[in-house]
Structures are given as structure tokens and as C-alpha cells.
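Undergrad: Note that the sequence shown covers residues 466 to 685 in my numbering.
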Amino acid sequence: MLSGTAQAAPAGVTGFDANTVITPDQADAFWNAGFRFALRYVGRTQMASHDLSAGEAQMLLSKGFALMAVQHVLNPGWMPTGGLGTQYGANAATFTQQIGFPPGVNVWLDLEGVSTDAAAADVIAYCNNWHAQVAGAGYVPGVYIGWHPGLSGGQLYSSLKFQHYWAAYNVDGVSNPKPRGFQLVQSSGSGMVGTLDTDVYDVDTTYVDAMGGQVLWLKA
């Protein structure tokens, strides 16, 4: 089990998400640049070499970073189904457990690039089935809302079981899950951090949403 406990994140903390292994030197560079938490990826059907490992997770925690996991999304134009939601949600929970995350931490679904032919009912089934699998494993599901999530803001709020929302840097204006809003907001990277450029990482900032909800992360 990773060291640390599930904790509610205060507002105004800056972190990063990255789809690459973070080395100790890169972690130091992020810390020195003012970043205090990280989001790293787990797979849909299997873990890849660039996904989060237990060793990397423990290193980040030992350096003071809070940590959460997010699952890779399919390529743009994908078609959600309830069955896929069940499969990918179960895998997200399993991979997060294998890394060593304790219960009570946010695990994030990446909802973006949904096919324009997808029915809202199928997107809802995908998300809620994913939620059920992750919550059933003791984690707290969150959803990242990116470009073309396949649902309106009203549907994101009222039709999904989620209570934790993360806004992508390119989220459109109609995809805000009002009245709750977002607990995490992404922006594009703002320059080189160590050896990593803005194509590799994004900046994220924590918020308390309109209903008092906060991000739940693992922190040593």
C-alpha cells in the first residue's frame, strides 16, 4: 500500500497531469516550479510502460506531492456503451489497487472526443457503469470533461452519479455541470519544467465547487 491518506484538497493548489513517467529529477523540477500534486494515468485494458507504477507513485508521494489516477480515453470518435463502462471501470479500479492507492481517493474518468453519432443514453450508461465499478472498489469516481463529452452540462450534472468534475483546458461553454461546477480546472502548460515541455504536461488548479465539493487526493 502506498503511504499517505485520502484528504480533501484545499482550493488554489497548482498541480499537473502528464502522460509520461516522471523521474525524480523531473519531480524536483515540478516542485521547484510550485506544483504540489500530480495526476498520472492508468490503462483501459492493460498498463503501458508510460503509465503510473507503484514505484513512481511512492516517489512522488515521498517528495511531497499529492496524487490521483486518471484512466486513458479512447481515440476521438469513440462510441460509449454500458458494457465498455463496466469493463473499463473495473480495470481502472483494479489497476489503481495494484499501484497501491487506498480507498477514498478520486479516480478519474476521461470523457472527451465522443462520437457525434453516440446517443446520450449510451454515454450516460458508460459513465454510470464506470462509476459503479470504481465506487464498488472503494474509490471516489470523478469525471474529466473535455472537448465533446457527448452530454450537455445539464445531463452531466443531473444524469450522472458523479459529484467530482474536472474541466479540461478545451471544454466548451455548454458542458459545465451547473449548478455544481468544477473542483479541478486544467490549463495548457506554461513552459518547460525541467526537461518536459508543454506537449507533455498540463497545469491543474483545485477549487471548491458551488456545492462545497472538493477533490479527494492521496497525500503522505
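All C-beta atoms, glycine included, are put in the ideal place defined by N, C-alpha and C. All of these numbers come straight from a predicted model, not from anything done at the bench.
Please report the straight-line C-alpha distance between Gln-511 and Gln-536, rounded to a whole angstrom.
TA: Whole-angstrom Cα-Cα distance: 11 Å.
Undergrad: What residue does the alpha helix (DSSP H) around Tyr-622 start on, and which one ends it?
TA: From DSSP, the alpha helix (DSSP H) with Tyr-622 extends over 618-623.
Undergrad: Measure how close the beta-carbons of Val-572 and Pro-606 come, nearest whole angstrom, since I'm counting them as under 8 Å.
TA: At roughly 6 Å, the Cβ-Cβ gap stays under 8 Å, so Val-572 and Pro-606 are in contact.
Undergrad: Would you say Met-533 and Leu-504 are within 7 Å of each other, going by their C-beta atoms?
TA: Cβ distance < 7 Å, so Met-533 and Leu-504 count as in contact.
Undergrad: Identify which residue in Thr-663, Gly-611, Val-538, Asn-540 has its Cα closest to the Cα of Arg-641.
TA: One point to set straight first is that residue 641 is Asn, not Arg, in the sequence displayed. Nearest of Thr-663, Gly-611, Val-538, Asn-540 to Asn-641, Cα basis: Gly-611.
Undergrad: Quick check on this structure: which residue in Thr-488, Val-486, Gly-480 has the alpha carbon closest to the alpha carbon of Val-499?
TA: First, the residue type needs correcting, since residue 499 is Gly and not Val in the sequence shown. Closest option to Gly-499, Cα to Cα, is Gly-480.
Undergrad: Count the other CB atoms, across all protein chains shown, that sit within 10 Å of the CB of Gln-563; report buried if there are 16 or more and exposed otherwise.
TA: Classification of Gln-563: exposed, given that the 10 Å Cβ count is below 16.
Undergrad: Label Pro-489 either buried or exposed according to how many other C-beta atoms from any shown protein chain fall within 10 Å of its C-beta, with 16 as the threshold for buried.
TA: The residue in question, Pro-489, is exposed, as its Cβ has fewer than 16 Cβ neighbours within 10 Å.
Undergrad: What's the C-alpha gap between Gly-569 and Ile-487?
TA: So the two alpha carbons sit approximately 24 Å from each other.
Undergrad: Identify, in the order they occur along the chain, each residue of the same chain with its Cβ nearer than 6 Å to the Cβ of Met-676, setting aside the five sequence neighbours on each side.
TA: Around Met-676: Arg-645.
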